[in-house]
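Contents: one structure, followed by commentary.
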Amino acid sequence: MAHNRNTTLPNYRGRFAPSPTGPLHFGSLVAAVGSYLEARSRHGEWLVRIENLDPPREVVGAAEEILNVLEVLGMEWDGAVVYQSWRNEAYQDALATLEQQGLIYPCACSRKEVADSSIIGIDGPIYPGTCRGGLLARKSSTASRVLTHNHPIEFRDALRGLVRQQLTSATGDFVLRRADGIYAYQLAVVVDDAAQGITHIVRGADLLDSTPRQIYLQQLLGYPTPAYMHLPVMINAQGEKLSKQTQATAIDISKPVTQLIAAVRFLNQMPPAELVESSVASFWQWAMKNWQPEKIL
Ligand code: GLU
0 MAHNRNTTLP
10 NYRGRFAPSP
20 TGPLHFGSLV
30 AAVGSYLEAR
40 SRHGEWLVRI
50 ENLDPPREVV
60 GAAEEILNVL
70 EVLGMEWDGA
80 VVYQSWRNEA
90 YQDALATLEQ
100 QGLIYPCACS
110 RKEVADSSII
120 GIDGPIYPGT
130 CRGGLLARKS
140 STASRVLTHN
150 HPIEFRDALR
160 GLVRQQLTSA
170 TGDFVLRRAD
180 GIYAYQLAVV
190 VDDAAQGITH
200 IVRGADLLDS
210 TPRQIYLQQL
220 LGYPTPAYMH
230 LPVMINAQGE
240 KLSKQTQATA
250 IDISKPVTQL
260 IAAVRFLNQM
270 PPAELVESSV
280 ASFWQWAMKN
290 WQPEKIL
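Counting with numbering that gives the first Met the number 0, you get residues 0 to 296 for the letters of the sequence shown.
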């Protein structure tokens with residue numbers, strides 16, 4: 000991506016955006032380490048944003064614990080940590096902008112109704128557009144969906160090359176605000192990445208399928224599209240992504256260097272065996288000098 004050197008935008012501003020639904024597990028450590036090394040090895044900034052959009056799913060103390068683990072691991076972020084729970088007004092403004100363009104419609108379908116009347120897409124049932132032409136019945140609380148189209152949305156992932164998706168066939172019109180008033184991850188992440196001036200997004204490949212939806216929203220809202228790199232994700236013996244939902248265990252920070260080495264090894268980097276005896280600072284010195292993202296896949 001070309002950068003205008005006369006603007007104050009940094010050439011590289013990356014981020015790590017964990018959801019505080021539990022302690023940091025190995026899968027999120029890999030995303031943290033990968034995004035940090037990409038940013039720092041390119042003399043970029045690295046920001047942390049706590050994605051606590053959904054209060055019932057938030058675990059008390061998890062955000063502080065994640066930040067504490069990052070500190071123990073020697074990962075220093077730039078600026079103040081942003082919490083999505085403070086940002087509802089910004090999400091509301093973005094939704095209003097889309098509404099003014101006639102791109103949002105209310106939807107009264109229950110989860111079950113959507114599941115019953117649709118086929119499964121890349122991320123659950125494809126919304127068949129039931130409420131596109133207006134609500135069938137008056138409901139007091141409705142979700143807000145964005146109209147999609149089927150022109151392919153394309154981007155070049157730094158590791159995976161060209162990725163292409165047609166939204167209407169892949170997901171259908173997707174929810175930006177749930178009926179309970181909670182803003183959807185897809186909207187919040189786009190608003191926040193733009194507000195924080197993020198130029199490069201490095202995260203797990205479990206989000207690869209979400210990126211076209213996010214690029215679509217960036218286009219509708221007139222935001223720049225960052226560069227993307229989707230890292231491999233850990234899967235367990237059942238073939239599920241390691242996540243808080245699949246009971247991934249918290250990493251053991253009594254041995255921070257061991258954890259950091261495991262994370263860079265997972266990304267196909269080859270730290271020398273003796274590094275395990277070294278300090279966190281020496282680990283990062285080695286990692287910054289020897290980081291080779293082209294080896295990841
Ligand atoms: N909060 C998301 C997660 O923990 C990551 C969002 C992102 O990196 O875009 O899975």
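C-beta atoms are modelled at their ideal positions from N, C-alpha and C, and glycine is treated no differently. Because the structure is a prediction, the values reported are computed rather than measured.
Of the residues assessed, Ala31 falls on the buried side of the cut-off, its CB having 16 or more other CB atoms within 10 angstroms. With contacts defined as CB atoms closer than 7 angstroms, Leu72 and Pro255 qualify as a contacting pair.
According to the DSSP assignment, Trp45 belongs to the beta strand (DSSP E) that extends over 44-49. Relative to the non-hydrogen atoms of the ligand GLU, the Cβ of Ser18 comes within a distance shorter than 6 angstroms of at least one. By the Cβ-count criterion, Asp92 is exposed, with fewer than 16 other Cβ atoms from all chains shown falling within 10 Å of its own Cβ.
Ala169 sits close to Ile121, with the two beta carbons spaced by under 7 angstroms. According to the DSSP assignment, Arg110 belongs to the alpha helix (DSSP H) that extends over 110-115. For Lys240, the three-state secondary structure derived from DSSP is strand. Exclusion of the five residues before and after Val275 leaves Val256, Thr257, Ile260 as the residues of its chain whose Cβ lies within less than 8 angstroms of its Cβ. Here Ala226 is not near Tyr90, since their CB atoms are 7 angstroms or more apart.
Annotated as distal: Ala178 and Ser116, with beta-carbon spacing of 7 angstroms or more. In the three-state scheme derived from DSSP, where H, G and I count as helix and E and B as strand, Asp191 is classed as helix. In this structure, the CA atom of Gln213 is about 28 angstroms from the CA atom of Glu64. Residues of the same chain with a CB within less than 6 angstroms of the CB of Ala114, apart from the 5 flanking positions on each side, are Pro124 in chain order. Ala249 is a Cβ neighbour of Pro22, given a cutoff of 7 angstroms. In the DSSP annotation of this structure, Val32 is not part of any beta strand (DSSP E); the continuous alpha helix (DSSP H) holding it starts and ends at 25-40. In terms of side-chain proximity, the C-beta atom of Arg177 is found no nearer than 6 angstroms to any non-hydrogen atom of the ligand GLU.
The three-state reading of DSSP puts Tyr184 in helix, counting H, G and I together. A Cβ-Cβ contact shorter than 7 angstroms links Thr198 with Arg12. If you draw a straight line from the Cα of Ala194 to the Cα of Glu273, it is about 42 angstroms long. Contact annotation: Val81 and Arg48 have beta-carbon atoms nearer than 7 angstroms.
At a cut-off of 6 angstroms, the beta-carbon of Val188 counts as near the ligand GLU: some heavy atom of the ligand is closer than that. Between the alpha carbons of Ser277 and Gln284 lies a distance of about 11 angstroms. Here DSSP, grouped into helix, strand and coil, assigns Ala142 to strand. Of Ile252, Lys294, Asn289, the smallest CA-CA separation from Asn267 is found for Lys294. With 16 or more other Cβ atoms inside 10 Å of its own Cβ, Gln83 counts as buried. If you check the CB distance, Pro9 and Glu37 do not come in under 7 angstroms. With at least 16 other beta carbons inside 10 angstroms of its own, His229 counts as buried.
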